[in-house]
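Enquirer:
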Ligand code: GDP
């Protein structure tokens, strides 16, 4: 491949090696003139944005670019993995720009959950994480729930300016933008062949009616998510596809729950009490005595305790113990990307295990 070929759509340097990375074009595309990356090709011909990821440094550059530009920032998080999909650095870059915070995948929460309560929780959590969003929304990008409201808000808050949509990979950013494109433009082409934005922020520009644009920024990979530690088939098991049915376990002290073979919760002390598990309905939860847990894990990982499947066990990093004393009422013990376990009363001492590198934390209960 000749050096430094540039995409005419977004200005990115073209590469032909990695389809999942930014700037990818199949080798056959290089014979065409002008050259266009696969991401722009999809947008141009199918009105569809495609998810690409990039390195942390590139992402910081993009955030920096957004920081310098004028416009509205729409930050998307996965409500099933709020903390894991949070972009920790964003608030430092956005300065005084308005931010709309959008929690996607609300269809996964039990129907009984009041949305106002969740948006209140999101506002408060955002503030604790250093971000002051102008407004907070819950949507289901693939079901279409809440999209009209968020689109109206985008239009109101952008005030004729550009819109930057940011979010880490897998939050549903592409689904969200594709729905906006569809609702806003019908089936017409979003960009034309003559279109040349001349921006090099590695963003895809989607023109809005008044000459401004909506920019799709590439998603950053959040390395603490469970998704990076399992293979594709197992990821299907742990990713909830529909409304989560919480599972309640009344645990005695010194009992253990295994979440497949990917995580484990030891209940050490605090008297008999319920633990409510919010995880994919397909994930097998196994209860055992704590004194048998190590041996069970050693013997049955990849069989009784799966995912991971047998063939993938060796690639799974060892489980690491995180000790917690739950001091507040209504606390979630969160396993990033896998779900969470709610404990309603304070005073429990637990040990939560997850593969080395996967985030485990406590938070005020979401539900
Ligand atoms: P991106 O990486 O942020 O661009 O995310 P995608 O749009 O590719 O979506 C990632 C995954 O989340 C896909 O499996 C989607 O089907 C799923 N997804 C997207 N939106 C929703 C939603 O509203 N609800 C649910 N349950 N899943 C969604």
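Residue numbers (UniProt numbering): 1 to 367. Even glycine gets a Cβ: it sits at the ideal position worked out from N, Cα and C.
Tell whether a beta-carbon distance below 9 Å holds between residue 219 and residue 78.
Expert: no
Enquirer: Under the assumption that residue 134 contacts residue 163 (Cβ atoms under 8 Å), give the Cβ distance between them as a whole number of angstroms.
Expert: The Cβ separation is near 13 Å, so there is no contact.
Enquirer: Can you name the residues that DSSP bridges to residue 372?
Expert: The requested residue 372 is not part of the displayed model; the chain covers only 1 to 367.
Enquirer: Start and end of the beta strand (DSSP E) containing residue 205?
Expert: Per DSSP, residue 205 belongs to the beta strand (DSSP E) from 204 to 207.
Enquirer: What are the boundary residues of the alpha helix (DSSP H) that residue 125 is part of?
Expert: 115 to 128
Enquirer: Grouping DSSP H, G and I as helix and E and B as strand, with all else coil, what is residue 40?
Expert: helix
Enquirer: Examine ligand 2 and report whether any of its heavy atoms sits within less than 8 Å of the Cβ of residue 339.
Expert: Ligand 2 is not part of the structure shown, which contains ligand 1 as its ligands.
Enquirer: By the 10 Å Cβ neighbour count, where 16 or more other Cβ atoms means buried, how is residue 190 classified, buried or exposed?
Expert: Confidence at residue 190 is low in this model, with a pLDDT of 48, below 50, so the placement of that residue should be treated as unreliable; the coordinate-derived value is given next. When all chains shown are included, residue 190 counts as buried.
Enquirer: I need the boundaries of the alpha helix (DSSP H) containing residue 91, first residue and last residue.
Expert: Element bounds for residue 91: 90 to 94.
Enquirer: Got a sec, what are the start and stop residues for the alpha helix (DSSP H) residue 293 sits in?
Expert: 290 to 300
Enquirer: Give the DSSP bridge partners of residue 78, in chain order.
Expert: Answer is 104, bridged to residue 78.
Enquirer: Could you give the distance in angstroms between the alpha-carbon of residue 197 and the alpha-carbon of residue 217?
Expert: Residue placement at residue 197 is poorly supported in this model, since its pLDDT is 37, which falls under 50; the coordinates still yield a value, given next. Answer to the nearest angstrom: the Cα atoms are 14 Å apart.
Enquirer: What distance in whole Å lies between the Cβ atoms of residue 166 and residue 87, which are believed to be in contact at a cut-off of 8 Å?
Expert: 6 Å
Enquirer: Could you check whether residue 335 and residue 354 sit closer than 9 Å to each other, using their CB atoms as the reference points?
Expert: yes
Enquirer: For residue 153, I'd like the list of residues in its chain whose CB is within less than 8 Å of its CB, leaving aside the five on either flank, ordered along the chain.
Expert: Counting only Cβ-Cβ distances below 8 Å, and skipping sequence neighbours, we find 100, 135, 137.
Enquirer: Can the beta-carbon of residue 273 be found closer than 9 Å to that of residue 254?
Expert: no
Enquirer: For residue 64, which residues in the same chain have their Cβ closer than 8 Å to its Cβ, ignoring the five residues on either side in sequence?
Expert: 93
Enquirer: Any idea what DSSP makes of residue 239, helix, strand or coil?
Expert: coil
Enquirer: Note the first and the last residue of the continuous alpha helix (DSSP H) segment covering residue 153.
Expert: 147 to 158
Enquirer: Give the straight-line distance between the Cα atoms of residue 240 and residue 107, rounded to the nearest whole angstrom.
Expert: 10 Å
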